[in-house]
Structure formats: C-alpha cells, structure tokens
Amino acid sequence: MGSSLSAQQKALRRSESFLSELASYTDDLLHGRVHEQYAAICYRKTRECDDAEMLVVTSRESGRWVVPKGWPIKGKKPHEVAAIEAYEEAGVRGKVKKKPFGYFTYLKQLADGSRVPCIVELHLLEVDQMFQDFPERGQRRIEWVSFIEAANRVREPELKGLLLAAERKVRKARGKK
Numbered sequence: 001m002g003s004s005l006s007a008q009q010k011a012l013r014r015s016e017s018f019l020s021e022l023a024s025y026t027d028d029l030l031h032g033r034v035h036e037q038y039a040a041i042c043y044r045k046t047r048e049c050d051d052a053e054m055l056v057v058t059s060r061e062s063g064r065w066v067v068p069k070g071w072p073i074k075g076k077k078p079h080e081v082a083a084i085e086a087y088e089e090a091g092v093r094g095k096v097k098k099k100p101f102g103y104f105t106y107l108k109q110l111a112d113g114s115r116v117p118c119i120v121e122l123h124l125l126e127v128d129q130m131f132q133d134f135p136e137r138g139q140r141r142i143e144w145v146s147f148i149e150a151a152n153r154v155r156e157p158e159l160k161g162l163l164l165a166a167e168r169k170v171r172k173a174r175g176k177k
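Here the numbering used here is used: position 51 in the sequence shown is 51, and no number is missing along the way.
Below, the structure written as structure tokens:
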C-alpha cells in the first residue's frame with residue numbers, strides 16, 4: 001500500500017510540474033500559436049477477462065511514456081495520420097475511429113532544444129494486427145497495460161483523464177455486444 005501511495009504521489013508531482021511548465025505558454029495557447037498533432041489510443045480486448053488493455057510507447061527523445069502521435073501529413077485526414085503513427089511507432093494496425101475522442105495539450109521539445117505548445121487530437125484505434133517489424137522498432141519501448149496503468153505512466157493531466165474516459169467507453173461498448 002505504501003509503495004502504491006508513493007507512486008500516486010510521484011504521478012501527482014509530475015502532473016503539477018507539467019502544469020507549471022505549460023502555464024508559461026498560456027499566451028501562445030490563447031493566441032493560436034500552437035502546433036497540431038494527431039494520436040491514437042491503441043487498445044485491444046483481452047481474452048482472459050472482460051477488460052481491455054492499451055498500448056503505451058516511449059518517446060524517442062526523453063523515454064517517457066506516451067501514445068503514438070505525429071505531425072500532420074499532407075493529403076491525410078487526422079484519423080489516418082493517427083493510424084499511420086500507430087503502425088510506425090508501435091507496429092499495430094486496426095480500426096480507427098474517424099471522430100476525435102478528445103484533445104490534450106503538451107510541450108514538444110524540438111531538435112534545437114526549444115519547446116512549442118501542441119494540441120493533440122486523439123482517435124481510438126482497436127488493434128487487430130501486430131507486426132514484429134515496423135519503422136521505429138528498436139527506437140522505442142512498447143507495452144500493453146491497463147488503461148489505469150497507462151494513465152499513471154503518462155505525464156500530461158489531460159491525457160490521463162482521456163485514457164480513463166476511453167476505458168469507460170470501451171467497457172460500455174463491450175457491454176452492448
């Protein structure tokens with residue numbers, strides 16, 4: 001119990017630190033000086049029980065846990081970009097929802113060391129194929145975890161809430177079948 005509380009306290013401190021950092025970019029966020037990215041919440045239903053698990057990946061630069069995401073691609077719709085990123089970063093394909101599930105904000109560190117605020121449009125992607133060979137294999141770690149564990153691992157508070165909401169949506173959809 002003590003180590004669990006400690007992990008929760010660490011996660012809370014990371015979120016508070018993130019929010020403090022993000023606050024310094026308020027002017028950019030309010031005046032539209034933000035960059036857009038598209039991401040996928042990749043999930044699969046487990047055979048053993050009635051739950052689902054989701055995929056988290058590490059970023060190449062910092063090694064922190066994130067969801068597959070990337071910049072817009074000319075000629076591709078946001079949900080298509082989310083699906084492409086899921087394959088390139090984690091080696092998964094599946095049925096991606098066209099309608100955004102939600103949005104979150106984070107600070108992207110660029111190659112020159114500067115940071116820019118990004119708004120990320122999230123799409124649900126139900127995984128039905130996994131590949132051993134994919135473009136960014138070996139550059140990232142990937143793990144299947146519960147939605148709750150994923151929410152504990154990611155840094156961005158908005159994303160944490162969206163992952164928990166996604167679990168509820170996936171669970172509710174399973175109940176209808």
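For every residue, glycine included, the Cβ atom is placed at its ideal position computed from N, Cα and C.
Could you give the distance in angstroms between the alpha-carbon of residue 82 and the alpha-carbon of residue 118? 15 Å
Given a threshold of 16 other Cβ atoms within 10 Å of its Cβ, counted over all protein chains shown, does residue 37 qualify as buried or as exposed? buried
For the alpha helix (DSSP H) holding residue 88, just list the boundary residues, first then last. 78-90
Specify whether the segment 73-82 and the segment 101-109 touch according to this definition: at least 3 beta carbon pairs, one from each stretch, less than 8 Å apart. no
What residues match up with residue 104 in a beta bridge as DSSP calls it? 120
Pick from 39, 47, 53, 159 that is closest to residue 146, judged by C-alpha positions: 53
Would you kindly work out how many angstroms separate the C-alpha atoms of residue 1 and residue 153, rounded to a whole number? Residue placement at residue 1 cannot be trusted, given a pLDDT of 47 that sits under 50; the coordinates are not used to answer.
Per DSSP, which residues does residue 125 bridge with? Please list them. 42, 96
Is it a yes or a no for the segment 160-174 touching the segment 132-144, going by three-plus beta-carbon pairs under 8 Å? no
Same chain, Cβ closer than 8 Å to residue 129, neighbours up to 5 away in sequence not counted: 92, 93, 94
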